[in-house]
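What follows is a short report on a single structure.
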Amino acid sequence: MHIVSNLTAGTEYNFTLYTVFGESRSTGLNFTDVTTPKNVASLSVKNRNETTLILEWNKVNNNSIYSYTLCYNDQNVSISKLDRGSTVTYTVPDLIAGMEYNFILYTVFQGVQSTGYIFTTVTTPKNVATLSVKSRNETTLILEWNKVNNNSIYNYTLCYNDQNISISKLDGGSTVKCTVPGLIAGTEYIFILYTVFQGVQSTGYIFTTVTTPIQVANISVKNRNETELILEWNKVNNNNIYNYTLSYNDQNISISKLEEGSTVTYIVPDLTAGTEYIFILYTVFNGVRSTGYNFTTETTPLSITNIYVKNCNETSLILEWNKVDNNNIYNYRLSYNSKNVSISGSKEGSVMTYIVTDLTPGTKYTFTLYTVFKEVESRGYIITRHTRVIAGVVTSLLLVILILCIGIFIWHHKTKISSLFKSSNETKLSSNTYKPILLKKFPMHFSSMSCDENRGFSAEYEDLSKVGADQSCRVATLPENMGKNRFTNVLAYDSSRVKLVANPGSDSDYINANYIHGYGKKKKQYIAAQGPLPSTVNDFWKMVWEQKSSAIVMLTNCTEGGKNKCEHYWPMDYMPCLYGNLLVTIQSEQKESCWTRREFVLRNESTSEEQAVTHFHFTAWPDHGVPIRTVELIQFRWIVRKHIETFPFSGPTVVHCSAGVGRTGTLIALDMLLQQMDKEEVVNIAYCVHSMRLSRPLMVQTQSQYVFLHQCIMESLQPKEDSIPEPIYENSDMIYSNALALKEYKAANSGV
1 MHIVSNLTAG TEYNFTLYTV FGESRSTGLN FTDVTTPKNV ASLSVKNRNE
51 TTLILEWNKV NNNSIYSYTL CYNDQNVSIS KLDRGSTVTY TVPDLIAGME
101 YNFILYTVFQ GVQSTGYIFT TVTTPKNVAT LSVKSRNETT LILEWNKVNN
151 NSIYNYTLCY NDQNISISKL DGGSTVKCTV PGLIAGTEYI FILYTVFQGV
201 QSTGYIFTTV TTPIQVANIS VKNRNETELI LEWNKVNNNN IYNYTLSYND
251 QNISISKLEE GSTVTYIVPD LTAGTEYIFI LYTVFNGVRS TGYNFTTETT
301 PLSITNIYVK NCNETSLILE WNKVDNNNIY NYRLSYNSKN VSISGSKEGS
351 VMTYIVTDLT PGTKYTFTLY TVFKEVESRG YIITRHTRVI AGVVTSLLLV
401 ILILCIGIFI WHHKTKISSL FKSSNETKLS SNTYKPILLK KFPMHFSSMS
451 CDENRGFSAE YEDLSKVGAD QSCRVATLPE NMGKNRFTNV LAYDSSRVKL
501 VANPGSDSDY INANYIHGYG KKKKQYIAAQ GPLPSTVNDF WKMVWEQKSS
551 AIVMLTNCTE GGKNKCEHYW PMDYMPCLYG NLLVTIQSEQ KESCWTRREF
601 VLRNESTSEE QAVTHFHFTA WPDHGVPIRT VELIQFRWIV RKHIETFPFS
651 GPTVVHCSAG VGRTGTLIAL DMLLQQMDKE EVVNIAYCVH SMRLSRPLMV
701 QTQSQYVFLH QCIMESLQPK EDSIPEPIYE NSDMIYSNAL ALKEYKAANS
751 GV
């Protein structure tokens with residue numbers, strides 16, 4: 001054996017072996033052999049995934065004469081026929097994710113292997129299958145997931161908001177929990193969870209969730225009535241990204257698609273009067289609710305339906321009424337003469353009784369009774385009564401009345417009472433159907449009608465219920481016109497409807513409005529109209545222009561009880577607004593406690609003509625109800641009347657509320673009746689309402705409005721003290737016109 005040293009690795013050598021004897025040698029044996037090649041210097045992972053490793057190494061001696069053998073998992077892979085270049089890249093397929101592999105890489109030269117380069121690496125681990133929120137609050141999320149392969153050899157890295165949380169040293173069990181603190185309430189977070197095995201991360205599981213939003217800070221009741229509550233609260237963080245859920249009575253109401261602004265207003269409908277409701281309001285963000293804001297409030301209790309006056313004498317009387325809903329949970333508040341009396345309703349029985357004492361003989365008293373439930377009051381029920389005069393005064397009064405009756409009897413046979421209203425419909429009425437009441441007898445008439453729970457008013461009003469109902473409304477019910485009616489039961493009669501000049505290309509002249517004749521022989525003095533709809537605002541202004549009206553009287557608010565009663569048909573500010581071809585400009589606006597007066601200028605853009613219109617807006621009249629007091633409406637009517645008389649040659653005065661029949665009919669009737677009182681010293685309320693209903697349905701829509709007309713006449717008969725405050729107007733024209741009207745109003749009523 002002979003050792004040949006100092007050879008070069010991985011090199012082929014040609015040897016000749018001679019046999020030597022003495023100085024002689026044989027011809028020689030020629031043979032070839034190679035030295036063992038070197039191992040690769042290093043091996044790296046060029047790329048990896050869950051099932052594949054791409055390995056890369058530099059060719060030994062930068063030489064392509066060598067091949068390689070890669071051994072792993074009892075596999076021997078020969079790598080030959082190498083491409084040019086200085087490196088070798090090999091893809092190891094069909095591996096298992098998250099697994100450690102031991103490789104031995106041999107350099108091979110003519111079948112001779114190097115000693116072998118040992119290399120250990122891992123495949124990419126799998127992502128978690130799913131991730132869930134175990135618990136959450138406003139600042140913390142607890143996340144949970146199943147361990148990959150149910151194996152504790154893996155660690156995890158949770159990344160969010162440029163933060164990386166390493167999760168290792170896991171407890172036993174098949175799940176991992178991670179608490180994420182220091183978060184912001186009501187915020188969406190995007191998490192990426194990596195499985196980590198020996199420093200190698202998975203591709204990452206992406207998960208989006210939100211923290212719990214904060215609850216609202218407060219809820220207030222913006223308005224309430226017997227069946228509705230209007231709730232209002234500030235938007236959380238003044239942000240529109242949140243929705244809300246309102247829970248009450250086993251109902252969950254979703255409130256979304258919020259309008260602009262910093263507050264949310266929601267109408268809770270279909271409630272029961274005089275009932276306590278417990279609300280829970282949740283802020284909702286991506287389906288996640290806040291902890292919930294608890295709020296308790298009450299609906300308005302029902303008002304009493306009637307008051308009975310018993311045992312009225314000179315200094316006292318007894319008021320009696322039925323308990324609301326026959327229930328003992330309500331209290332009552334009686335208001336009269338600046339006094340407020342609280343009356344407990346907890347006593348047994350269905351009837352309440354209260355004795356009013358210390359009254360003055362022969363004095364008119366107005367009593368207002370409210371139902372009270374947990375400090376929420378109903379609408380007041382108003383009743384007016386006179387205490388009896390003392391005996392000597394009664395005798396004197398009876399004597400005066402007797403003399404007056406004799407005088408009236410004589411006068412009655414000599415004088416014909418003039419007709420109140422002249423119209424084309426007079427032939428439909430008997431002259432004896434409704435007789436005028438002398439002003440001197442009106443208090444007695446009012447008292448008689450009020451007896452037995454307003455039986456007289458009920459009978460007379462019921463008699464008016466079907467007046468005019470048989471008249472044709474053909475045009476109002478045409479398909480192209482039905483959408484122009486606010487209510488299907490309030491349609492314009494064909495015989496008295498206001499007709500618009502049809503626009504080019506249209507044959508429709510319809511608007512829901514009727515002419516109403518005025519006192520005496522004044523034809524078409526008023527137009528009774530419904531409050532404009534969004535689709536009829538242009539038609540409304542077109543009517544005002546074509547009829548040459550100088551005044552609009554509005555008796556509703558645009559929104560009442562959370563419901564739209566009338567479209568806001570004039571400019572919102574002092575910027576002119578175009579309606580059709582009419583440009584409307586606000587010249588001035590003055591607000592008082594019960595009404596607002598505005599001055600408009602209409603300009604026809606087609607002809608450049610202009611027209612002034614005054615807008616009288618009475619703001620203190622509830623829908624289907626009556627004002628709290630008569631004096632404000634009487635004063636308002638007086639100012640409107642003075643305007644009408646100042647412009648005698650202008651067109652009809654447009655009067656509207658929501659439907660254009662209840663409040664509208666009451667105001668028009670009051671205007672005519674007060675003129676009749678002044679001219680004839682008589683009044684005929686039933687005939688007035690009857691006549692109006694022949695021109696438009698349901699005029700004076702409720703019995704309470706009918707009774708209110710009588711109360712206004714009673715108020716107008718009383719001597720007026722100089723106590724009506726004159727409103728202060730900033731606009732000089734308004735100072736003159738309104739102050740003058742009020743001065744005349746006081747003077748005219750001071751001696752009635």
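In the UniProt record's numbering, the protein residues as written are 1 to 752. No residue lacks a Cβ here, since even glycine has one placed at the ideal position from N, Cα and C.
Residue i, buried or exposed, once every other Cβ within 10 Å from all chains shown has been counted against 16
{"i": "Ser658", "result": "buried"}
{"i": "Asp671", "result": "buried"}
{"i": "Cys566", "result": "buried"}
{"i": "Arg84", "result": "exposed"}
{"i": "Val661", "result": "buried"}
{"i": "Gln215", "result": "buried"}
{"i": "Pro532", "result": "buried"}
{"i": "Gly468", "result": "buried"}
{"i": "Cys712", "result": "buried"}
{"i": "Gln110", "result": "exposed"}
{"i": "Ala528", "result": "buried"}
{"i": "Arg693", "result": "buried"}
{"i": "Thr556", "result": "buried"}
{"i": "Val4", "result": "exposed"}
{"i": "Gln718", "result": "exposed"}
{"i": "Thr8", "result": "exposed"}
{"i": "Gly199", "result": "exposed"}
{"i": "Ala476", "result": "buried"}
{"i": "Ala459", "result": "exposed"}
{"i": "Pro627", "result": "buried"}
{"i": "Leu53", "result": "buried"}
Beta-carbon proximity of residue i to residue j, cut-off 8 Å
{"i": "Asp325", "j": "Gly274", "result": "yes"}
{"i": "Ser262", "j": "Pro213", "result": "no"}
{"i": "His386", "j": "Gly349", "result": "no"}
{"i": "Ser285", "j": "Gly182", "result": "One detail in the question is off: residue 285 reads as Phe in this sequence, not Ser. No. Outside cutoff."}
{"i": "Asn512", "j": "Arg474", "result": "no"}
{"i": "Glu480", "j": "Val376", "result": "no"}
{"i": "Leu369", "j": "Leu334", "result": "yes"}
{"i": "Thr384", "j": "Thr366", "result": "yes"}
{"i": "Pro301", "j": "Tyr330", "result": "yes"}
{"i": "Gln530", "j": "Ser495", "result": "no"}
{"i": "Leu193", "j": "Tyr156", "result": "yes"}
{"i": "Val700", "j": "Val683", "result": "no"}
{"i": "Val122", "j": "Phe197", "result": "yes"}
{"i": "Tyr569", "j": "Phe600", "result": "no"}
{"i": "Ser303", "j": "Gly380", "result": "yes"}
{"i": "Ile219", "j": "Leu281", "result": "yes"}
Between the CA atoms of residue j and residue i - distance to the nearest angstrom
{"i": "Lys466", "j": "Lys563", "result": "29 Å"}
{"i": "Ser431", "j": "Tyr336", "result": "Residue confidence for Ser431 is low, a pLDDT of 35 falling below 50, so the modelled location carries little weight; the figure read from the coordinates is stated next. Roughly 41 Å between the two C-alpha positions."}
{"i": "Thr203", "j": "Ala217", "result": "43 Å"}
{"i": "Gly651", "j": "Lys542", "result": "13 Å"}
{"i": "Thr89", "j": "Leu55", "result": "6 Å"}
{"i": "Val133", "j": "Phe207", "result": "10 Å"}
{"i": "Lys679", "j": "Ser508", "result": "41 Å"}
{"i": "Asn6", "j": "Tyr13", "result": "12 Å"}
{"i": "Arg641", "j": "Ser448", "result": "31 Å"}
{"i": "Ile417", "j": "Ser716", "result": "For Ile417, the predicted model reports a pLDDT of 37, less than 50, meaning its position is unreliable; a value from the coordinates is still stated below. So the two alpha carbons sit approximately 21 Å from each other."}
{"i": "Leu82", "j": "Ser67", "result": "8 Å"}
{"i": "Thr19", "j": "Val60", "result": "37 Å"}
{"i": "Ile230", "j": "Ile318", "result": "38 Å"}
Whole-Å CB distance - residue i paired with residue j, under 8 Å assumed
{"i": "Asn538", "j": "Gly483", "result": "In fact, because the Cβ distance is near 14 Å, the residues do not count as touching under 8 Å."}
{"i": "Val176", "j": "Ile167", "result": "6 Å"}
{"i": "Ile668", "j": "Ile516", "result": "6 Å"}
{"i": "Arg598", "j": "Glu589", "result": "5 Å"}
Are the stretch 72-89 and the stretch 24-37 in contact at 8 Å, needing three or more beta carbon pairs?
no
Does the stretch 452-466 come close enough to the stretch 704-711 to have 3 or more Cβ pairs within less than 8 Å?
yes
Evaluate the contact criterion for the stretch 609-621 versus the stretch 542-560: three or more CB pairs, one atom per stretch, below 8 Å.
yes
Should the stretch 133-149 be regarded as contacting the stretch 102-122, the criterion being three or more beta carbon pairs within less than 8 Å?
no
Do the stretch 245-254 and the stretch 589-603 meet, that is, are 3 or more Cβ pairs less than 8 Å apart?
no
Can you find at least 3 beta carbon pairs, one from the stretch 40-51 and one from the stretch 103-111, that sit closer than 8 Å?
yes
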